[in-house]
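Q: Chains as they are written, first to last, in numbering that gives the first Met the number 0: chain F, 0 to 67; chain B, 0 to 256.
Here it is, the structure in full.
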Amino acid sequence: MKTLLAIGFVALGTLAIASFKGSAPEGIAVGAEAPPLNVKTWFNHIGRPLELDNLGGNAVLVEFWATW
Amino acid sequence: MHDEFGSQGLVVVAVSDEDSKLVSDYLDSMGIQIPVGSGSTAGSAYGVKGIPHSVLIDPQGKVAWSGSPYSISKGAVKEALKGAKKRSTNFMAIPLETEVTGRLAAPAKSMAAGNPGKALSSLRAIEADAKSTAEEKTEAQTLIASIDEHVQLLNGQAESFVKARDVLKGLTVIDALAKEFAGAPIGDAAKTRAEAIRKDENLAKEIVAAEAFARAQEQASKLGSGKAKAKLQEVADKYKGTRAGDRATAMLRTKKN
């Protein structure tokens, strides 16, 4: 009985880890075409709204964040 | 990242899906320098699940790296910077999408380098020159239209800044237009507008407050927490009711937490 229970727990544990690792990976694949930033309003910026199609030729680091 | 690689041409931006008022208020209390975008819908397209999350994009528009901002690969950044052009932070610069040749190459280059005033003179000359081909005239007109469009954009932004009581910022743009287009109608209009703003009693108060705030921030950055707060409090008290005063107050509120 105890052995069965132990095996049961291990199985559950493995299943849990497997599903966690198996869930859709965060982020976007390296080499993929970078989607547009689609920003509504830019702050700390003067001039043409920044978008990837007018930043062609530049290396861009985008940080996704929130105020909270 | 911006400090380390900014001078090498890395463009660093932050984007949020939140609305502009929320983001604007937050930025007022923070003193962030990089461009920040609000109302962005890109999160899901980039597979962002938890924030903050960073993505590095190479000069060909492909994803070079994706992950936590705390573990950005400097190697990936250096690699992405190879062959990357430096983006001019000069808001006068009008980068051109297509290659321009012949007589128009020089003014086009001036536009991209942030001298649209100089370009405009050359372009008007080409347009008026009887010896110019029809093609050259058409192309000159197209470039002139780009300059006008850009100037309109800058004027619009300058007025938005003034309206939002960010007067010093608005004047930065208007003064730059006055200087760049000195002698041309665009420049004259900008000069007149700048004078009117400076003569306006209320707007002038905003300018004085903004300058005091900038000085206080500069001093505060070199002082310990207590003295820094005191500097900001001085501005908050003395310039109550101005945008700078509000900003100083907002900054103090976050420093308390």
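Beta carbons are placed, not taken as given, at the ideal position from N, Cα and C, and that holds for glycine.
(1) For a contact meaning CB atoms closer than 9 Å, what does Lys39(F) contact in chain B?
(2) Is the Cβ of Tyr25(B) closer than 8 Å to any Cβ of chain F?
(3) Can you tell me where the beta strand (DSSP E) holding Phe42(F) begins and where it ends?
(4) On the three-state DSSP scale, how would you describe Glu25(F)?
(5) Could you confirm whether any beta carbon from chain F is found closer than 8 Å to the beta carbon of Leu287(B)?
(6) Any Cβ of chain F within less than 8 Å of the Cβ of Ile146(B)?
(7) So does the region 51-64 of chain F actually touch the region 51-71 of chain B, counting three or more Cβ pairs closer than 8 Å?
(8) Is Lys85(B) closer than 8 Å to Gly8(B) when the C-beta atoms are compared?
(9) Under 8 Å between the Cβ atoms of Val61(F) and Val12(B)?
(10) In chain F, which residues lie with their C-beta within 9 Å of the C-beta of Lys61(B)?
(11) Please identify, using Cβ separations under 7 Å, the residues of the region 46-72 of chain B that lie next to chain F, in order along the chain.
(12) List, in order along the chain, the chain F residues whose C-beta lies closer than 8 Å to that of Gln32(B)?
(13) Go ahead and label Tyr69(B) buried or exposed: buried means 16 or more other beta carbons lie within 10 angstroms of its beta carbon, across all protein chains shown.
(14) Short check: CB of Thr248(B) to CB of Ala227(B), under 8 Å?
(15) Based on the DSSP secondary-structure assignment, which residues constitute the bridge partners of Ile305(B)?
(16) Would Ser67(B) and Ser53(B) be called neighbours here (beta carbons separated by less than 8 Å)?
(17) Could you tell me the distance, in whole angstroms, from the CA atom of Ile33(B) to the CA atom of Lys130(B)?
(18) Tell me which residue opens and which closes the alpha helix (DSSP H) that Gly263(B) is part of.
(19) Going along chain F, which residues have a C-beta under 9 Å from Leu153(B)?
(20) According to DSSP, what are the bridge partners of Ala13(B)?
(21) So what's Glu98(B) in DSSP terms, helix, strand or just coil?
(22) Strictly below 7 Å CB to CB, what residues from chain F border Val22(B)?
(23) When the cut-off is 8 Å and only beta carbons count, does Gly21(F) lie next to chain B?
(24) Just confirm the distance between the C-beta atoms of Arg164(B) and Phe212(B), as a whole number of angstroms; I'd bet it's less than 8 Å.
(25) Alpha carbons only, please: which of Val166(B), Val150(B), Leu170(B) is nearest the one belonging to Ala183(B)?
A: Considering the structure as presented:
(1) Asp18, Ser19, Gly36, Ser37, Gly38, Ser39, Thr40
(2) yes
(3) 40-42
(4) coil
(5) Because chain B here runs from 0 to 256, residue 287(B) falls outside it and cannot be looked at.
(6) no
(7) yes
(8) yes
(9) yes
(10) Val29, Gly30, Ala31, Glu32, Ala33
(11) Gly46, Val47, Lys48, Gly49, Ile50, Pro51, His52, Ser53, Val54, Leu55, Ile56, Asp57, Pro58, Gly60, Lys61, Val62, Ala63, Trp64, Ser65, Gly66, Pro68
(12) Asn43
(13) exposed
(14) no
(15) Examination of residue 305(B) is not possible in this model, given that chain B is present from 0 through 256 alone.
(16) yes
(17) 47 Å
(18) Residue 263(B) falls outside the range modelled here, since chain B spans only 0 to 256, and no answer is possible.
(19) Ile45, Gly46
(20) Glu62(F), Val35(B)
(21) coil
(22) Phe42, Thr66
(23) Unreliable placement is indicated for Gly21(F), whose pLDDT of 43 sits below 50; no coordinate value is reported for it.
(24) Contact doesn't hold; Cβ gap of about 12 Å is too wide.
(25) Val150(B)
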